[in-house]
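Visitor: Pasting a structure here, questions to come.
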Amino acid sequence: MRRLSLVDPLELLNAPSHKHLLLISGGSVMKKIFISALAVLLMFTVTGCFSPSVPDIIPPEEEPSTPQEEPPAGNEPPVAYIDAVAPPTITIGEDVTLQGHGIDTDGTIVAYRWRSNIDGPLGVNESVVTSALTVGEHIVYLKVQDNNGDWSEEVSDTLVVTPEVIVPPEIVSFEADSGTIHIGETV
1 MRRLSLVDPL
11 ELLNAPSHKH
21 LLLISGGSVM
31 KKIFISALAV
41 LLMFTVTGCF
51 SPSVPDIIPP
61 EEEPSTPQEE
71 PPAGNEPPVA
81 YIDAVAPPTI
91 TIGEDVTLQG
101 HGIDTDGTIV
111 AYRWRSNIDG
121 PLGVNESVVT
131 SALTVGEHIV
141 YLKVQDNNGD
151 WSEEVSDTLV
161 VTPEVIVPPE
171 IVSFEADSGT
181 IHIGETV
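Be aware that the sequence shown starts at 1, since it is given in this note's numbering, and climbs by one per residue.
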């Protein structure tokens with residue numbers, strides 16, 4: 001196999017106008033791309049240690065009709081993080097903001113699921129604002145889904161919803177009658 005440097009694409013462009021197989025492999029990824037040296041210029045952004053190479057010319061009978069890729073080795077599940085439950089204590093009917101994010105080392109986050117151990121589902125966005133929680137000490141859970149369909153483990157935080165305090169009306173003045181009332185009498 002001949003080695004091809006990613007920093008010198010002219011080597012590929014100056015090669016004979018036969019089709020070549022470009023292999024890029026490293027980590028858990030291996031890409032096989034069939035190219036025509038004069039027709040295609042490819043640009044890659046890769047991370048990790050990769051070894052690009054151009055093997056000898058492939059005989060026409062072995063050339064596939066379409067580019068082929070091998071499936072990725074395995075999917076790492078994403079990880080969910082709760083950034084804020086603010087404020088951590090509210091009175092029933094007040095707004096609370098739930099803020100979280102996810103990290104997927106081999107893909108992207110495509111979905112969010114918030115839930116309460118008392119009230120069930122709360123929202124499906126990175127940030128959720130709600131005032132529809134019942135009284136009690138809630139455990140709020142978040143999980144995230146990656147672009148391969150895998151869900152993270154749930155993470156949790158606590159939120160306390162207190163009842164509304166009803167303050168009795170203040171008596172400003174009181175005027176008493178001069179009569180006497182006995183227990184059991186009608187006034």
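Quick reminder that beta carbons are idealized off the backbone N, C-alpha and C, glycines included.
In terms of residue numbering, what span does the beta strand (DSSP E) encompassing H182 cover?
Guide: First-last for H182: undefined, no H or E at that position.
Visitor: Please report how far the alpha carbon of Y112 lies from the alpha carbon of E137, in whole angstroms.
Guide: The alpha-carbon atoms of Y112 and E137 are separated by roughly 22 Å.
Visitor: Under a Cβ-count criterion, where at least 16 other Cβ atoms within 10 Å of its own Cβ denotes burial, should V167 be classed as buried or exposed?
Guide: The residue is exposed, with fewer than 16 neighbouring Cβ atoms inside 10 Å.
Visitor: Hey, how far is the Cα of S156 from the Cα of Y141?
Guide: The alpha-carbon atoms of S156 and Y141 are separated by roughly 4 Å.
Visitor: How big is the Cα-Cα spacing for D146 and H101?
Guide: Distance between the alpha carbons of D146 and H101 is about 12 Å.
Visitor: What does P121 pair with, by DSSP beta-bridge criteria?
Guide: Its beta-bridge partners are R115.
Visitor: Measure the Cβ-Cβ separation of S152 and A84 and say whether it is below 7 Å.
Guide: The answer is no: Cβ separation not under 7 Å.
Visitor: Starting from the C-beta of R115, find all residues in its chain whose C-beta is less than 7 Å away, skip the five residues before and the five after it, and write them out in chain order.
Guide: Contacts found: P121, L122, Y141.
Visitor: Cβ atoms of I82 and E164: under 7 Å apart, would you say?
Guide: Against a cut-off of 7 Å, the Cβ pair of I82 and E164 comes out as no contact.
Visitor: Roughly how many angstroms lie between the CA atoms of V129 and E154, to the nearest whole one?
Guide: Taking the straight line from one Cα to the other gives about 19 Å.
Visitor: Please report how far the alpha carbon of L133 lies from the alpha carbon of V161, in whole angstroms.
Guide: Cα to Cα, L133 sits roughly 7 Å from V161.
Visitor: Is I181 buried or exposed, if buried means 16 or more other CB atoms sit within 10 Å of its CB?
Guide: By the 10 Å Cβ count, I181 comes out exposed.
Visitor: Just to confirm, are V144 and I109 a CB contact at a threshold of 7 Å?
Guide: Yes, the Cβ-Cβ distance between V144 and I109 is below 7 Å.
Visitor: Under 7 Å between the Cβ atoms of E76 and D106?
Guide: Taking 7 Å as the Cβ cut-off, E76 and D106 qualify as a contacting pair.
Visitor: Using a Cβ-Cβ cut-off of 7 Å (strictly less than) and excluding sequence neighbours within five positions of Y135, which residues of its own chain qualify?
Guide: Looking at the sequence itself, residue 135 is Val, so the reference to Tyr does not match. So the qualifying residues of the chain are I92, V161, T162, P163.
Visitor: Anyone know if the C-beta pair for D95 and S131 falls short of 7 Å?
Guide: Cβ distance < 7 Å, so D95 and S131 count as in contact.
Visitor: Looking only at its own chain, which residues have a Cβ that is under 8 Å from the Cβ of E175, when we skip the five neighbours before and after it?
Guide: Taken in chain order, the list of residues that qualify is empty.
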